[in-house]
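Residue numbers (the numbering used here), protein chains in the order written: chain A, 1 to 60; chain B, 61 to 193. Quick reminder that beta carbons are idealized off the backbone N, C-alpha and C, glycines included. Please read all numbers here as calculations on a predicted model, not as lab measurements. See structure below.
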């Protein structure tokens with residue numbers, strides 16, 4: 001498994017599931033929080049990636 | 061130590077609360093399953109076990125306790141949070157890590173996160189056993 005995006009999505013899904021189950025009692029609330037956390041994880045990573053885009057890797 | 065499984069978690073005695081915490085540490089979600097919080101327990105069992113196995117599959121490392129290298133020791137403490145999975149992998153010879161593998165750091169991240177999240181799950185089981193949740 002070499003895809004950075006796939007690993008990011010899998011990590012976000014698993015961590016979101018655990019946090020949602022920890023923080024909410026009602027199953028519907030758990031699903032809602034889980035989806036919100038998952039979207040936040042993935043969205044924040046994509047935004048951070050775009051923000052770093054102007055800085056080329058290994059620039060001298 | 062004879063451990064009786066009560067129907068009302070609020071009736072748990074200190075020794076039983078400690079048993080629940082140790083059980084939850086040894087196997088993610090087992091404390092919640094024992095407390096009859098089946099749905100939560102299954103989520104923790106599946107998600108944290110998957111994170112741990114993925115971390116090993118991605119050639120991550122189970123760090124040793126080297127006090128001369130504080131960051132390595134901290135990572136080892138986080139790894140130890142996985143409890144039984146950590147000892148099982150160690151006994152079977154997994155977790156050596158491959159530093160040159162492209163997925164090495166990803167594997168470490170999965171392994172460390174699994175351990176730290178399991179510690180949070182143990183604290184949640186502790187609160188549940190005391191009737192706080």
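- Restricting attention to alpha helix (DSSP H) runs no shorter than 4 residues, the stretch 112 to 168 of chain B encloses them at 130 to 140, 144 to 151, ordered along the chain.
- At a cut-off of 8 Å, the C-beta of residue 31 (chain A) has no neighbouring C-beta in chain B.
- If you look at residue 3 (chain A), you'll find it isn't in any alpha helix (DSSP H); DSSP assigns it neither H nor E.
- With at least 16 other beta carbons inside 10 angstroms of its own, residue 100 (chain B) counts as buried.
- Any Cβ of chain B closer than 8 Å to the Cβ of residue 18 (chain A) would place that residue at the interface, and such an atom is present.
- For residue 38 (chain A), the enclosing alpha helix (DSSP H) covers residues 27 to 52.
- Note on residue 88 (chain B): 16 or more other CB atoms within 10 angstroms of its CB, so buried under the neighbour-count rule.
- Apart from sequence neighbours up to five positions away, the residues of its chain that approach residue 114 (chain B) with a beta-carbon distance below 8 Å are 167, 170, ordered along the chain.
- If the five residues before and after residue 15 (chain A) are omitted, its C-beta is found closer than 8 Å to the C-beta atoms of 37, 41, all from its own chain and listed in chain order.
- Look at residue 74 (chain B) here: in three-state DSSP terms it is helix.
- Residue 158 (chain B) sits away from residue 126 (chain B), with the two beta carbons spaced by 8 Å or more.
- For the pair of segments examined, the stretch 137 to 151 of chain B was found to touch the stretch 175 to 186 of chain B: the number of CB pairs separated by less than 8 Å reaches three.
- In the three-state scheme derived from DSSP, where H, G and I count as helix and E and B as strand, residue 190 (chain B) is classed as coil.
- Neighbours of residue 170 (chain B) across chain A, judged by C-beta separation under 7 Å: 11.
- Rounded to the nearest angstrom, the gap between the Cα atoms of residue 27 (chain A) and residue 55 (chain A) is 43 Å.
- Within the stretch 170 to 187 of chain B, those residues whose Cβ lies closer than 8 Å to any Cβ of chain A are, in chain order, 170, 173, 177, 180, 181, 184.
- Where residue 89 (chain B) is concerned, there is no enclosing alpha helix (DSSP H), because DSSP gives it neither an H nor an E.
- Between residue 156 (chain B) and residue 192 (chain B), the beta carbon gap of about 40 Å keeps them out of contact (Cβ cut-off 8 Å).
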